[in-house]
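FYI, in my numbering the residues of the sequence shown are 911 to 1238. For reference, the structure discussed in these notes is given below.
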Amino acid sequence: MSAQLVDRFGRRIDYLRISVTDRCNLRCQYCMPLTGLEFHPKSEILTFEEIVETVQVANELGITKARITGGEPLVRRDLPQLVRMLKRETDLQELSMTTNGLLLAAQAEALAEAGLDWVNVSVDSLDPKRFREITRFGDLERVWEGIERAAQAGLTPIKINTLILKGFNDDEVDRWVELTLDHELVVRFLELMPIGEGVKLKHLGSFANLTEIREELIARYGLVPARPARGNGPARYWKVPGARGMLGFITPISDKYCDSCNRMRLTANGELRPCLAYDVHVKAGEAIQRGDRAAVKRAFLRAADIKPEGHHWEVGQTTRTVMSSLGG
Ligand code: SAM
Ligand code: SF4
911 MSAQLVDRFG RRIDYLRISV TDRCNLRCQY CMPLTGLEFH PKSEILTFEE
961 IVETVQVANE LGITKARITG GEPLVRRDLP QLVRMLKRET DLQELSMTTN
1011 GLLLAAQAEA LAEAGLDWVN VSVDSLDPKR FREITRFGDL ERVWEGIERA
1061 AQAGLTPIKI NTLILKGFND DEVDRWVELT LDHELVVRFL ELMPIGEGVK
1111 LKHLGSFANL TEIREELIAR YGLVPARPAR GNGPARYWKV PGARGMLGFI
1161 TPISDKYCDS CNRMRLTANG ELRPCLAYDV HVKAGEAIQR GDRAAVKRAF
1211 LRAADIKPEG HHWEVGQTTR TVMSSLGG
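Below is the structure:
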């Protein structure tokens, strides 16, 4: 059997986040600055063929699941074509995508036809005005339309990512819980991570401890543990007994899960990033572009080898790279 991706702490890496662009049609305040960000030069952005070849190498190393992300993946032209290629030409067993949903209505059917398994859509507020404020340009109605079209196309379970900030949208948690009673949604609450713009967000709202919020919700709604049909992430899932949907809690800070981390990130310009909390990475872009599979394999093994044991965000560590180029 060929080498597998196992890091120095015995964690097996079988999940790849693939960022297909560092550009975005929104500027969420915790993720991207309004202006002044430099994007990767076009010549460095991996082509679909190069992404597929990289995933094939990753497959040989035991990666079986992937999620397409960005920036905003749907601003990349012909994205359904990449999905089709990944489904046909690699051994991925699960392929999902994280999107802000703005362009989803138009592409949901093509994505489903191409073989995408499900989508995660980021929706930080149920209130259109707040949604616009946090995303700077977002149109909530368009995002809901995208979610509906994705559900109709069978891109289920639809998972919603909602980043909770104290003093901004923590009063919406109950509305989300109630929405899961009769909708088949998986609503995942996210803690703010001190990455890029997320470090200096104080004016809008502050870090909300989702372990505390989860405990309150368990007490108030009698939540019971649940498990979504598909997924690989660190979220812990719960549901109101009898509800059609469920709730996930992504708690990197208040309830750290680094010891079970199974992922690696491929950026749009071919960097392999083993941990969100550190700027360390292995530059595989050139090897990928010249089709040197052996070198790409070595880059994966090296990235696994330098994967840090865990983050130290809870004691003031921050990550310099903006989240939009890391992919979330
Ligand atoms: N544009 C797509 C979207 O928004 O879903 C995909 C990329 S985005 C970087 C992926 C996820 O990262 C989103 O759900 C977003 O809320 C989350 N995210 C971005 N910055 C974050 C931060 N500082 N802390 C926690 N989550 C963050
Ligand atoms: Fe764009 Fe997603 Fe970042 Fe918002 S969170 S700015 S939608 S990449």
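Just so it is clear, CB atoms sit at the ideal spot from N, CA and C, and this is done for glycine as well. Keep in mind that this is a model prediction, so the values were computed, not measured.
With 16 other Cβ atoms within 10 Å as the buried cut-off, status of residue i
i     : result
V1134 : exposed
P943  : exposed
S929  : buried
R1107 : For the record, residue 1107 in the displayed sequence is Glu; it is not Arg. E1107 should be labelled buried.
V1031 : buried
N927  : Note that residue 927 corresponds to Arg in the displayed sequence, not to Asn. Classification for R927: buried.
V967  : buried
R1098 : buried
E1181 : buried
I1070 : buried
L1236 : buried
K1110 : exposed
V965  : buried
V1247 : Because the chain spans 911 through 1238 in this model, residue 1247 falls outside it and cannot be assessed.
V1225 : exposed
D932  : buried
A1214 : buried
K1039 : exposed
A1016 : exposed
E948  : exposed
T1045 : buried
E1088 : exposed
G1201 : exposed
T945  : exposed
A1204 : exposed
R986  : buried
A1129 : exposed
D890  : Since the displayed the chain opens at 911 and closes at 1238, residue 890 lies outside it and no answer follows.
F1210 : buried
A913  : exposed
P983  : buried
G1152 : exposed
P951  : exposed
L1091 : exposed
G1195 : buried
E1126 : exposed
R893  : The first residue shown for the chain is 911 and the last is 1238, placing residue 893 beyond what the model contains.
V1137 : Reading the sequence as shown, one finds Arg at residue 1137 and not Val. Per the 10 Å Cβ criterion, exposed.
E1094 : exposed
Identity of the residues DSSP links to residue i by a beta bridge
i     : result
K1193 : E1181
P1135 : W1148
G1158 : R1098, Y1147
Y925  : K975, R1173
T1229 : I1105
N1071 : S1032, R1098
K952  : According to DSSP, K952 bridges with nothing at all.
K1076 : S1116
V916  : R922
CB contact below 8 Å: residue i versus chain D
i     : result
E1004 : Of the protein chains in this structure there is only one, and it is not chain D.
Any non-hydrogen atom of ligand 3 closer than 7 Å to residue i Cβ
i     : result
G1108 : Among the ligands modelled here, namely ligand 1 and ligand 2, ligand 3 does not occur.
Contact the stretch 1110-1130 vs the stretch 1062-1080: 3+ CB pairs below 8 Å: yes
Return the chain-ordered ranges of every beta strand (DSSP E) run that is complete within the stretch 987-1066 and spans a minimum of 3 residues. 1004-1009, 1028-1032
Counting Cβ pairs closer than 8 Å, one from the stretch 1218-1231 and one from the stretch 932-950, do we hit at least three? no
What are the complete beta strand (DSSP E) segments, minimum 3 residues, inside the stretch 1078-1124? 1095-1100
Three or more C-beta pairs below 8 Å linking the stretch 917-924 and the stretch 1164-1178: With a cut-off of 8 Å on Cβ pairs, the stretch 917-924 is in contact with the stretch 1164-1178, counting three or more such pairs.
Is the number of C-beta pairs between the stretch 1051-1064 and the stretch 994-1002 that are closer than 8 Å three or more? Short answer: they don't touch.
Can you confirm whether the stretch 1007-1021 touches the stretch 1042-1057 when touching is taken to mean that 3 or more C-beta pairs between the two stretches lie within less than 8 Å? Enough Cβ pairs lie closer than 8 Å, so yes.
Is it a yes or a no for the stretch 1084-1099 touching the stretch 1157-1166, going by three-plus beta-carbon pairs under 8 Å? yes
With a threshold of 8 Å, are at least 3 pairs of Cβ atoms found where one atom belongs to the stretch 1178-1193 and the other to the stretch 952-959? yes
Does the stretch 1016-1027 come into contact with the stretch 977-993, if we say contact requires no fewer than three beta-carbon pairs (one atom in each stretch) closer than 8 Å? yes
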